[in-house]
Structure formats: C-alpha cells, structure tokens
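Numbering (UniProt numbering), first residue to last: 1 to 253. Just so you know, even glycine gets a beta-carbon here, dropped at the ideal spot from N, CA and C. Everything numeric in this text was worked out from a predicted model, so none of it was measured. Take a look at the structure set out below.
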C-alpha cells in the first residue's frame, strides 16, 4: 500500500474510534471525503485533453475520438469507484454497529435488568438496525422486535393449549399467559405510536405494562407447587426485548 493508503488507515484507526458518537459522525464525513479523493480517479476534462493539437479537424472524427478517450478513462476508474463504494458501505455498517454498542452500553449501565450481550446481539441481528444513526432511531426497531416476539409467544401458547393431556393447573396458567401476551401486543403498539409523537411519558407507561406479561406469566407457575413453566425461555427473551426500548426511552428522556 502506498503512503496515501497508509495515511488513510492510520487516520481511520486513530481518529475514528475516539470521542463521542457525535464527534465520530463528524469525522466520518471528513473520512469519506478523504476516501473519495484517494480511491477515485474519475475522468476530468482538462485543457490539455481538449487542446487544439489533439482535436481532429473533422467534427465527427473528434466526436468519436472524445468518446473513446472518455470511455477508456471510465474503464480505468471503475475499479477505484467500486472500491470506494465498498469502503463506504463498510463504514456505514461500522457506524451502525457503533451506535448499537454505545446505546446498549449506556442502557445496561442505567438499568441492571439489561443484558448487554443480548441487547447488542438482538439489534445487530436485525437488518433494520444497519441504518440506525442514534439511540432514538433504535427505539422503534426494538419495539417492533418485542411485538413480533409477543406474537410468536402467543402462537406457542395456543399450540400448547391444544394438548388434550394437559393437567388443569397448567392449562389454567397457560390461559392466563395467553391473555397477558394478548394485552402486551397492543400496549407495545401504542408505545411505538407514542414514541413517534415523542410522547415518552405515555410510551414508558404502556411499555412498562407490557413488561408485566412475562413476569406475571412465570410467577403463575411458581405459585403452584409442582408446576414447571414451559415458557421460561420465552418469558426471559420477551422481558429482555421489552426492557431494551424502555431503557432507550429513559436515555432520551
């Protein structure tokens, strides 16, 4: 790699990762400008290329000459343009990952119920998170994930209730859980709408109500001696998915 390439790498490593999110965003813009000038050899029309000595007298011959010259330059610059686009894409992915890491870290420090690793893994696994530029932009994404999970758990409960061999205590608990998750879904939807209008007070209230579903569901089994919850894993996952947007909203508020 030449000197300019070495400088670009050093600049990225030493300057990009330091400081806060806002500072990194500003440096990203500067870095993209630097990368563009380094990677692109886009054909420019210079006075030399259009000098009278190089232009054929016949207009049609000149037109053909110009097209061939321009086409040749475009072919030479194409790999550099592709490299720049790939580099730009990698920077965007890096930036979104940085937003997720930063947001989950702050959320985990502010709420001991947050599992940092789960927070990061769940958001990075969602394609929509790749366009996230701030904690605020992660809130609706995390709410959508919680709604989807609640729908999935409701389906699991419905399948379990179809088992004719279920004992009455277990069936009763599952029916309670089914009702709890049915209520959780609209609460999360209302929370998402409240976030869009920046009504964070309402959002926190309804999302907190949805957060009661996994806790109450699990407690229902624990309160009956000898019963083992078939939804422990699902309840734990939904709790984490729901507490994340709540923690993010607290950061915004």
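query	result
Hey, residue 154 and residue 182 are a contact pair by Cβ (cut 8 Å); roughly how many whole angstroms apart?	6 Å
Between residue 220 and residue 140, is the Cβ-Cβ spacing less than 7 Å?	no
In the DSSP assignment, find the alpha helix (DSSP H) that holds residue 215 and state where it starts and stops.	200 to 222
Comparing alpha-carbon positions, which option in 189, 106, 165 and 202 lies nearest residue 147?	189
I need the DSSP call for residue 254, collapsed to helix, strand or coil.	Because the chain here runs from 1 to 253, residue 254 falls outside it and cannot be looked at.
When the distance is taken between beta carbons, is residue 252 closer than 7 Å to residue 136?	yes
Would you tell me roughly how many angstroms separate the C-alpha atoms of residue 134 and residue 104, rounded to the nearest one?	11 Å
Tell me the rounded alpha-carbon separation between residue 231 and residue 218.	7 Å
Would residue 114 pass as a contact of residue 245 if the rule is Cβ separation under 7 Å?	no
To the nearest angstrom, how far is the alpha carbon of residue 215 from that of residue 131?	32 Å
Distance check for residue 222 and residue 161, CA to CA, integer angstroms please.	19 Å
Along the chain, where does the alpha helix (DSSP H) containing residue 151 start, and where does it finish?	135 to 161
Looking at the structure shown, is residue 114 part of a helix, part of a strand, or coil, going by DSSP?	coil
Quick one: residues in its chain with C-beta nearer than 8 Å to the C-beta of residue 227, no 5 flanking neighbours on either side, listed in chain order?	169, 170, 173 and 221
To which residues of the same chain is residue 119 closer than 6 Å at the C-beta, ignoring the five residues directly before and after it?	104 and 244
What residue range is occupied by the uninterrupted alpha helix (DSSP H) comprising residue 228?	No alpha helix (DSSP H) contains residue 228, which DSSP labels as neither H nor E.
Is the CB-CB distance between residue 156 and residue 124 below 7 Å?	no
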